[in-house]
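Colleague:
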Amino acid sequence: MNGADTIPGPLTGLRILELADESGQFCGKLLGDLGADVLKIEPPGGERCRRLGPFLDDIPHPERSLSFWYYNTSKRGITLALNTADGSALFRRLAATADVVLETFRPGYLASLGLDYEALSRENHG
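Taking numbering that gives the first Met the number 0 as reference, the numbering of the sequence shown is continuous, increasing by one, and the terminal residue is 125.
#1: With respect to the beta strand (DSSP E) encompassing Asp36, which residues constitute its N-terminal and C-terminal limits?
#2: So what does DSSP say about Gly12, is it helix, strand or coil?
#3: Could you say which of Glu122, Thr103 and Ala80 lies nearest to Arg130 if we only look at CA atoms?
#4: Hey, out of Leu119, His60 and Lys39, whose CA is closest to Thr72's CA?
#5: Can you tell me whether Tyr70 is buried or exposed? The criterion is at least 16 other CB atoms within 10 Å of its CB, across all chains shown.
#6: What would DSSP say about Arg105, mapped onto helix, strand or coil?
#7: Just list the beta strand (DSSP E) runs in the region 42-88, keeping only unbroken ones of 3 residues or longer that don't cross its boundaries, in chain order.
#8: Per the DSSP calculation, Glu17 is bridged to which residue(s)?
#9: Looking at the secondary structure, which residues open and close the alpha helix (DSSP H) in which Ala118 lies?
Below, the structure is given as structure tokens:
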């Protein structure tokens with residue numbers, strides 16, 4: 000083990016919830032590469048980016064997208080249906096301990112689910 004393996008990144012200790020597609024997932028990758036704890040939240044069936052090539056051994060499959068793998072290094076991941084009561088409740092619990100929510104939905108989508116900044120910030124005491 001060299002010394003670089005033990006040096007924390009400048010964003011160590013920062014917790015990010017990522018709800019981003021291909022237009023924002025590089026931002027999450029950079030934050031994770033700098034030490035932030037990034038949790039990628041995908042919808043059931045997986046993020047549509049999983050269907051973008053190139054694919055490992057040229058075999059198209061959501062688990063073989065090299066593009067998805069590259070943009071989602073340095074992240075952990077879960078599947079969550081935000082539009083269900085259980086999914087919304089779990090997201091609220093996660094957001095209560097997060098520092099940042101990185102999202103690329105159309106304006107107003109999270110508000111329509113009751114998961115906008117105003118609603119989440121009332122429960123976040125960080």
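We put the beta carbon where it would ideally sit given N, CA and C, even for glycine.
Modeller: From the atom records:
#1: Taken as a continuous stretch (DSSP letters only), the beta strand (DSSP E) holding Asp36 covers Asp36 to Glu41.
#2: Three-state DSSP puts Gly12 in coil, outside helix and strand.
#3: What is shown of the chain runs 0 to 125, which leaves residue 130 out entirely.
#4: When each option's Cα is compared against that of Thr72, the closest is Lys39.
#5: Residue environment analysis places Tyr70 among the buried positions, since at least 16 neighbouring C-beta atoms fall within 10 angstroms of its C-beta.
#6: Coil.
#7: Those beta strand (DSSP E) runs which fall completely within the region 42-88 and span 3+ residues are 74-78.
#8: The partner list for Glu17 (beta bridge, DSSP) reads Lys39 and Leu101.
#9: Element bounds for Ala118: Tyr116 to Glu122.
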